[in-house]
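Visitor: When the letters of the sequence shown are read in order and numbered with the UniProt record's numbering, they come out as residues 1 to 306.
All C-beta atoms, glycine included, are put in the ideal place defined by N, C-alpha and C.
These numbers were taken from a predicted model, which means no experiment stands behind them.
Have a look at this one before I ask anything.
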Amino acid sequence: MSHTTPRFAYALLFLAIFSVSFAAILIKLTNAPAEVTAFYRMSITAVLLAPFAARGLRAQISLLTRRDWGLLAISGACLAIHFVFWIGSLFYTSVASSTLFLSLQPIFAMIGSFVFFREKTRGAAWLYASIAVLGTALIGWQDLHLGGRAAYGDLLSVLGTLSVVGYMLAGQRLRQKLSFLHYSFLVYCICSALLFIYSVGRGDQLTGYAGSDVRAFLLLAIIPTIFGHTMFNFLLRFFKAPTIAMTIVGEPLIATALAYLFFGTRVHTIWFLGATLAVFGIIQFMRNTLQSKTSVRAPSGVDLEM
Numbered sequence: 001m002s003h004t005t006p007r008f009a010y011a012l013l014f015l016a017i018f019s020v021s022f023a024a025i026l027i028k029l030t031n032a033p034a035e036v037t038a039f040y041r042m043s044i045t046a047v048l049l050a051p052f053a054a055r056g057l058r059a060q061i062s063l064l065t066r067r068d069w070g071l072l073a074i075s076g077a078c079l080a081i082h083f084v085f086w087i088g089s090l091f092y093t094s095v096a097s098s099t100l101f102l103s104l105q106p107i108f109a110m111i112g113s114f115v116f117f118r119e120k121t122r123g124a125a126w127l128y129a130s131i132a133v134l135g136t137a138l139i140g141w142q143d144l145h146l147g148g149r150a151a152y153g154d155l156l157s158v159l160g161t162l163s164v165v166g167y168m169l170a171g172q173r174l175r176q177k178l179s180f181l182h183y184s185f186l187v188y189c190i191c192s193a194l195l196f197i198y199s200v201g202r203g204d205q206l207t208g209y210a211g212s213d214v215r216a217f218l219l220l221a222i223i224p225t226i227f228g229h230t231m232f233n234f235l236l237r238f239f240k241a242p243t244i245a246m247t248i249v250g251e252p253l254i255a256t257a258l259a260y261l262f263f264g265t266r267v268h269t270i271w272f273l274g275a276t277l278a279v280f281g282i283i284q285f286m287r288n289t290l291q292s293k294t295s296v297r298a299p300s301g302v303d304l305e306m
């Protein structure tokens, strides 16, 4: 992060992390199935991005090979799976636990990068990753004792985190050819189409939702997606990618506070202990990873979709 970073960029960075923290709250306010909520969130976002993505889209598409289209399909499918699992987790476990498990995404991405791309990571990073996993394991253990539903929700959140890593690893290759805006637009369109097919196949109701549900769909597209994740990518002009990625640790904390304000949801002492270990591990992991990299390529945390 440069010393010349303008002050408004800091304000926008706070706005972005605050905005993404609203995702879980807005999802809790809907009565629609996870896949339907995800479909409307992605399709509305794609429509909102369309006027901006239209410029230069044809030229960008002409650069894509058949293999690139395959990666786009994989990326969109992984994103769709992520939404089905993660949104579904909020029907079973707390906002606090669901968002904290999701913040492990950079660590899972490190493992995926090693497995698929043979990218090496310093030994200290593995140590801090283990501390973060230990913290979330404490929360999972506590939720297991609270009841099977909470533990099942934790599992869904973990599966959602694993699937979003696939989205990011595919995107890591595609972003070498496509701009962020055009990549996001194409993936959102593919993701929306797959979620629509899945919803229809399950026999889900796609219309007739109450006005409160429709407002939640619209706000999900605008607040956590446009003002959250899209804003993060805009801020890459002013901050290094790892700096922005590190802000993800603020989401479970802000989301937990919002859940208390909106729903009166409280968390147990074990959750605070586990969250402390997890947040410490994630921060130290990302700092260690930053020190070991000489490039400013966006890490997995930047494009995290929630």
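1. If we call anything under 8 angstroms between Cβ atoms a contact, is Ser-157 one with Ser-103?
2. Measuring alpha carbon to alpha carbon, tell me which of Ile-87, Glu-251, Ala-96, Val-279 ends up nearest Gly-160.
3. Counting Cβ pairs, one atom from each stretch, are 3 or more of them under 8 angstroms apart for the segment 187-197 and the segment 132-146?
4. With H, G and I counted as helix, E and B as strand and the rest as coil, what does DSSP make of residue 332?
5. Around the C-beta of Lys-120, are 16 or more other C-beta atoms found within 10 angstroms, so that it is buried, or is it exposed?
6. With respect to the alpha helix (DSSP H) encompassing Lys-28, which residues constitute its N-terminal and C-terminal limits?
7. Assign His-229 to one of two classes, buried (16 or more other C-beta atoms within 10 Å of its C-beta) or exposed (fewer than that).
8. Taking the C-alpha atoms as reference points, what is the distance between Asn-31 and Val-165?
9. Relative to the alpha-carbon of Trp-69, which residue among Leu-273, Thr-276, Ala-170 has its alpha-carbon at the smallest distance?
10. By alpha-carbon positions, which one of Pro-252, Ala-137, Gly-201 ends up nearest to residue 323?
11. Among the candidates Gly-56, Val-249, Thr-5, Ile-25, whose CA atom is the shortest distance from the CA of Phe-185?
12. Excluding sequence positions up to five away, which residues of its chain have a Cβ less than 6 angstroms from the Cβ of Ala-80?
13. Skipping 5 residues on each side, what residues in its chain have a beta carbon closer than 6 angstroms to that of Leu-49?
14. What does a CB cutoff of less than 7 angstroms around Leu-12 pick up in its chain, not counting 5 residues either side in sequence?
15. Under 8 angstroms, do Ile-283 and Ile-139 count as touching if we go by C-beta distance?
Guide: In this structure, then:
1. Walking along the sequence shown from the start, residue 157 turns up at place 157. Walking along the sequence shown from the start, residue 103 turns up at place 103. Taking 8 angstroms as the cut-off, the beta carbon of Ser-157 is found no closer than this to the beta carbon of Ser-103.
2. Locating residue 160 in the sequence shown gives position 160, counting from the first residue. Per the Cα distances, Ile-87.
3. At 8 angstroms Cβ cutoff, the stretches do not touch.
4. Nothing can be reported for residue 332, as the shown portion of the chain is limited to 1 through 306.
5. Position 120 of the sequence shown, counted from the first residue, corresponds to residue 120. Around the Cβ of Lys-120, a 10 Å sphere holds fewer than 16 other Cβ atoms; the residue is exposed.
6. Within the sequence shown, the letter at position 28 stands for residue 28. Note, Lys-28: alpha helix (DSSP H), 23-28.
7. Within the sequence shown, numbered from 1, the residue matching residue 229 stands at position 229. A buried status is given to His-229, since no fewer than 16 other beta-carbon atoms sit within 10 Å of its beta-carbon.
8. On the sequence shown, position 31 is the one that residue 31 refers to. On the sequence shown, position 165 is the one that residue 165 refers to. Their backbone Cα atoms lie some 27 angstroms apart in a straight line.
9. Walking along the sequence shown from the start, residue 69 turns up at place 69. Residue nearest to Trp-69 within the set Leu-273, Thr-276, Ala-170 is Ala-170 (criterion: CA-CA distance).
10. Past the edges of the chain, shown from 1 to 306, lies residue 323, and the structure says nothing about it.
11. Numbered from its first residue, the sequence shown carries residue 185 at position 185. Nearest C-alpha to Phe-185 among Gly-56, Val-249, Thr-5, Ile-25: Gly-56.
12. Here the question's residue 80 lines up with position 80 in the sequence shown. The beta carbon of Ala-80 is closer than 6 angstroms to those of Cys-191, Leu-194, Leu-195 in its chain, skipping five residues each way along the sequence.
13. Counting from 1 along the sequence shown, the entry for residue 49 is found at position 49. Non-local C-beta neighbours of Leu-49 in its own chain, meaning closer than 6 angstroms and more than five positions away in sequence, comprise Phe-185, ordered along the chain.
14. Your numbering for residue 12 matches position 12 in the sequence shown. For Leu-12, the CB contacts under 7 angstroms within the same chain, skipping 5 residues up- and downstream, are Met-231, Leu-235 in chain order.
15. For the purposes of this step, residue 283 is taken as the residue at position 283 of the sequence shown. For the purposes of this step, residue 139 is taken as the residue at position 139 of the sequence shown. Between Ile-283 and Ile-139, the gap from beta carbon to beta carbon reaches 8 angstroms or more.
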